[in-house]
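A.B. asks: I have a structure I would like to understand better, so I am pasting it below and will then ask my questions one at a time.
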Amino acid sequence: MPIWVDADACPKVIKEVLYRAAERSQTELILVANQPLSVPPSRFIRTLRVAAGFDVADNEIVQRVNREDLVITADIPLAAEVLAKGAAALNPRGERYSEATIRERLTMRDFMDTLRASGVQTGGPATLNQRDRQQFAAELDKWLLLQQRRNREQGKSTPNAAG
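Take a look at the structure:
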């Protein structure tokens, strides 16, 4: 079960957390972007370059993601589509999207778009801080441990996610 990354907008510090986790847990990590990416050499980490254009990377992720995969994205509509396919979605601040919260997030996103379209300055998200990075790493580890447990229950041999 790979981890898919909406890599064009993913912060570098989050990518670094993901690189370490992919190596440690021996989990496939696929970074999808419309520009070339530099990633550390690893048999677990790869990039998938898509054409430039609106939502091209998002559409590629949705097309390829499978049930129980994980997608890292701050894009609310992408997270909603991923959840609809039975996959998990986590944003770079460590918030795990759920069926219960995604509708609220979509509504708020649409409301903010409407405000911006009418000329209201809404500002952007706060800068990613140390607490956000720690929360992200903790949620990622929870997902990796859950996958390890599932694999064990299915009789598959997997490395230790924690270390």
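376 is the number of the first residue of the sequence shown in the working numbering; add one for each residue after it.
The beta carbon of each residue, even a glycine, is placed where N, CA and C say it ideally should be.
(1) Quick check on Pro416: buried or exposed, where buried means 16 or more other Cβ atoms within 10 Å of its Cβ?
(2) Any heavy atom of the ligand HEM closer than 7 Å to the Cβ of Glu435?
(3) Can you tell me where the beta strand (DSSP E) holding Ala408 begins and where it ends?
(4) Excluding the five sequence neighbours on either side, which residues of its own chain have a C-beta within less than 8 Å of the C-beta of Val392, listed in chain order?
(5) Enumerate in chain order the residues of its own chain whose CB-to-CB distance from Ser413 is below 7 Å, with the five nearest sequence positions on each side excluded.
(6) Closest to Glu470 by CA distance: which of Asp430, Trp518, Val495 and Gln529 is it?
(7) As a quick exercise: from Gln496, Gly428, Ser400 and Gly461, pick the residue whose alpha carbon is nearest that of Asn441.
(8) Whose C-alpha, out of Ala408, Ala464 and Leu521, is nearest the C-alpha of Ala427?
(9) Going by DSSP in three states, Ala384 sits in which element: helix, strand or coil?
(10) Closer than 6 Å by C-beta to Asn466: which residues in its own chain qualify, once you throw out the five before and the five after it? Chain order, please.
(11) Under a three-way DSSP split, which group does Leu458 fall into?
(12) In this structure, how does DSSP classify Glu391 when only helix, strand and coil are distinguished?
(13) Name the residue from Pro386, Met376 and Ile436 whose alpha carbon lies nearest to the alpha carbon of Leu423.
(14) Give me, in chain order, the residues of the same chain whose beta-carbon lies closer than 6 Å to that of Lys390; leave out the 5 immediate sequence neighbours on both sides.
(15) Shortest alpha-carbon distance to Ser473 belongs to which of Ile451, Pro411, Asn504 and Gln410?
C.D. replies: Let me spell this out:
(1) When all chains shown are included, Pro416 counts as exposed.
(2) Ligands in the displayed structure: none, and consequently the ligand HEM is not present.
(3) Under the DSSP assignment, Ala408 falls in the beta strand (DSSP E) whose first and last residues are Leu404 to Ala408.
(4) Cβ-Cβ distances below 8 Å link Val392 to Arg508, Phe511, Ala512 and Leu515 in the same chain, with the five nearest sequence neighbours on each side left out; the list follows chain order.
(5) Excluding sequence neighbours, Ser413 sits near nothing in its chain.
(6) Residue Trp518 is the option with its Cα nearest to Glu470.
(7) The shortest Cα separation from Asn441 among Gln496, Gly428, Ser400 and Gly461 belongs to Gly461.
(8) When the alpha-carbon of Ala427 is set against those of Ala408, Ala464 and Leu521, the nearest one is in Ala408.
(9) Secondary structure of Ala384 (DSSP, three-state): coil.
(10) These residues qualify, in order along the chain: Ala449.
(11) If DSSP states are grouped into helix, strand and coil, Leu458 belongs with the helices.
(12) Look at Glu391 here: in three-state DSSP terms it is helix.
(13) Here the closest residue by C-alpha is Ile436.
(14) Within its own chain, no residue has a Cβ closer than 6 Å to the Cβ of Lys390 once the five positions on either side in sequence are excluded.
(15) Closest option to Ser473, Cα to Cα, is Ile451.
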